[in-house]
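In what follows, a single structure is set out as structure tokens and then discussed.
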Amino acid sequence: MLIISSHSYDQDGFKGDYFAAAIKVCRPSAAGQDAGPPLAYVESISLQLSFENVEAMDTLDWDALRAVVDSPHMHYLRIRYFQQRNKDFETAKRVLCSVLRRTQLTWALESGKLQFGRLTGDPVTSADILSVPAEHIIDGITTITLDIAEQADWLLYPVQRRHLARDTTREEYLRQLVAARASGASANLGSEVAPPIAGSTQHTALEQTP
């Protein structure tokens with residue numbers, strides 16, 4: 001496993017932008033004595049990104065990784081974060097929003113190799129992203145429609161709380177959204193909402209089914 005990391009500090013000495021990549025390189029065993037040294041290949045790449053200016057993620061040249069990700073030996077490209085309230089969560093969410101809008105990493109999504117998730121636990125897979133529901137029904141009564149940023153939050157939140165006690169689960173997040181909309185409060189619960197793609201519609205519908 002190859003670990004590459006880099007970080008910067010602001011004028012007050014606090015850590016600013018942060019980048020870490022965990023690259024798993026495999027070298028298969030040689031078939032025989034005359035086969036020569038086996039060729040190594042990249043099996044997986046996990047990226048942890050934290051930027052004070054999350055909008056910088058919109059300008060990253062993800063296509064530079066395409067040749068590696070498209071390799072038949074490559075298992076996944078994962079954008080990871082440490083916990084929900086960290087800046088790296090907001091960075092991962094920003095990237096996921098662009099993926100949901102199909103403006104970045106579409107090729108990685110369609111290959112089935114794109115993942116998002118925290119350092120431990122089950123990741124959000126390409127299949128999860130491709131099938132993310134825009135509408136949810138709570139208690140069989142209330143139907144709530146999520147916009148792109150809310151879909152990203154819902155995907156990144158765990159189904160069950162397995163780590164920190166303050167982590168928000170998917171069900172809790174939906175209930176918070178319902179309560180916030182019913183009271184007229186902002187739907188921004190726990191993370192920054194990425195701006196909508198040009199020409200798209202932000203859905204904030206809340207319906208009561210009879």
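For the sequence shown, full-length UniProt numbering begins at 1 and goes up steadily by one.
Even glycine gets a Cβ: it sits at the ideal position worked out from N, Cα and C.
Nearest to residue i by alpha carbon, out of the options?
i	options	result
SER44	GLU55, ILE23, LEU100 and GLU150	ILE23
ALA56	GLY140, ARG27 and GLN104	GLN104
ALA122	VAL99, PRO158 and LEU47	Here residue 122 is Asp; the residue named in the question, Ala, does not match the sequence. Out of VAL99, PRO158 and LEU47, PRO158 has the C-alpha closest to the C-alpha of ASP122.
ARG85	THR168, ALA182, VAL68 and ARG175	THR168
LEU156	ARG27, ALA182, PHE116 and SER71	PHE116
Taking the alpha-carbon positions, what's the residue i to residue j distance?
i	j	result
LEU39	ARG161	42 Å
ILE144	LEU177	8 Å
TRP62	VAL99	11 Å
PHE19	PHE51	8 Å
LEU60	LEU146	26 Å
TYR76	LEU2	15 Å
GLN83	ARG170	15 Å
Please state whether the Cβ-Cβ distance between residue i and residue j is less than 8 Å.
i	j	result
LEU119	ILE79	no
ARG66	TRP107	yes
HIS73	VAL124	no
ARG181	ILE138	no
Does any residue of chain D have a CB that is nearer than 8 Å to the CB of residue i?
i	result
VAL99	Included in the structure is just one protein chain, with no chain D present.
* Does the pairing of the region 102 to 113 with the region 122 to 136 give three or more beta-carbon distances under 8 Å? -> yes
* Considering only residues of the region 47 to 113, which uninterrupted beta strand (DSSP E) runs meet the minimum length of 3 residues and lie entirely inside it, listed in chain order? -> 76 to 81
* Do the region 90 to 99 and the region 139 to 152 make contact, defined as three or more Cβ pairs closer than 8 Å? -> yes
* **Ordered list of alpha helix (DSSP H) runs contained in the region 107 to 147, each at least 4 residues** => 126 to 130
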